[in-house]
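All letters in the sequence shown, in the order written, are residues 2 to 308 by the numbering used here.
Ideal placement from N, C-alpha and C gives every residue a C-beta, glycine not left out.
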Amino acid sequence: MVQISASMVKELRGRTGAGMLDCKKALVESGGDIEAAGEWLRKKGLAAAAKKSGRVAAEGLVGLRTAGGRGALVEVNAETDFVARNESFQEFVGAVSDIALTVGGDPAALKAADYPDSGRTVEGELTNLIATIGENMTLRRSAGLSVEEGIVASYMHNSAGPGLGKIGVLVGMKSSADPEALQQLGKQVAMHIAASSPRAVTAEDLDAGTVEKEREILREQAAGSGKPPEIVEKMIEGRLRKFYEEVVLMNQTWVIDGESKVSKVIAAAAKEFGAPVEIAGFVCYRLGEGVERRADDFAAEVAQLAG
């Protein structure tokens, strides 16, 4: 057996941009012949996929799946919205959503899971899809949500197919109430979350650092008022309550009627159902949220359309 040195792997990686483990495997398969190893990588699509990996992918789809008290969300990105409408891409996101539900949304477990009828992992199938379609793609994130008693409800905004779209929301509804009634309420809550972007269910669930940072901002704003310190503190607390109304789910105004607080809606539902109802948690994915796009990425997209 030919000894594969680190320098050989480094040279092949420099030529193709493929991963080190893929380069080593290619060299082993090719008996140490770098040219043949490069051909092996190209045939597998690994070299082509690696060359695309530096391009920003901010389009794509969010996928979701629910089953009783479990739910999962994934975000798979591509470079252009055209790929999001590609049947193969949509099939991939749907299949990955199914797998995410079985692994509890764990990102590492999801990437390492077997992809159906392919002989590849999810990560391997994504590499194959990149080579086939010709755009950079990333399995950016995934999450799971579950409740021991109750259901996980969902909502998909800008739907591109069953469980596929631009904004996906999961909501854990903890209750012994009728599951169908919980589903109806849960979907409304999920729609509210999609529209109102809360950061936490209750004020107590907010990150302490976030609250303190907001308090400091409000203190600086109030300091220039010339009011006595005790009045300034009351001003800060009043403005902090306003902040909670903006970012805390239970403190927000219910988007469906534009008047009630979400907490009042949940309390009224519990009374109607004859059982306590608790929002145990939520997850909301907005496609491309937080992905920085450069001007040259837009230029490249325009060039691709023109070509």
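{"Query": "Short Cβ contact (8 Å threshold) for Val-104 with Val-77", "Result": "no"}
{"Query": "6 Å Cβ shell around Pro-281 - same chain, five flanking residues per side excluded", "Result": "With the sequence shown as reference, residue 281 is identified as Ala, and Pro is not the correct amino acid for it. Once the five neighbours on either side are set aside, the close Cβ partners of Ala-281 are Val-148, Gly-173 and Lys-175."}
{"Query": "Residues that Leu-140 bridges to, as DSSP identifies them", "Result": "Val-77"}
{"Query": "Selected residue, minimal CA-CA separation from His-193, among His-158, Ala-110 and Asp-208", "Result": "His-158"}
{"Query": "The stretch 133-153 in contact with the stretch 239-248 per 3-pair CB rule at 8 Å", "Result": "no"}
{"Query": "Bridge partner(s) assigned by DSSP for His-158", "Result": "Ile-168"}
{"Query": "Close-in-space but distant-in-sequence residues of the same chain around Ile-152 (CB under 7 Å, 5 per side omitted)", "Result": "Gly-69, Gly-70, Met-174, Pro-180, Leu-183, Gln-184 and Gly-187"}
{"Query": "For Asn-252 and Ala-191, the rounded distance between their alpha carbons", "Result": "15 Å"}
{"Query": "Expected contact under 8 Å - CB spacing of Ser-155 and Leu-65 to nearest Å", "Result": "5 Å"}
{"Query": "Any 3 or more C-beta pairs closer than 8 Å across the stretch 214-233 and the stretch 271-286", "Result": "no"}
{"Query": "Beta carbon of Val-170 nearer than 8 Å to that of Ala-209", "Result": "no"}
{"Query": "Lys-235 classed as buried or exposed, judged by whether at least 16 other C-beta atoms fall within 10 angstroms", "Result": "exposed"}
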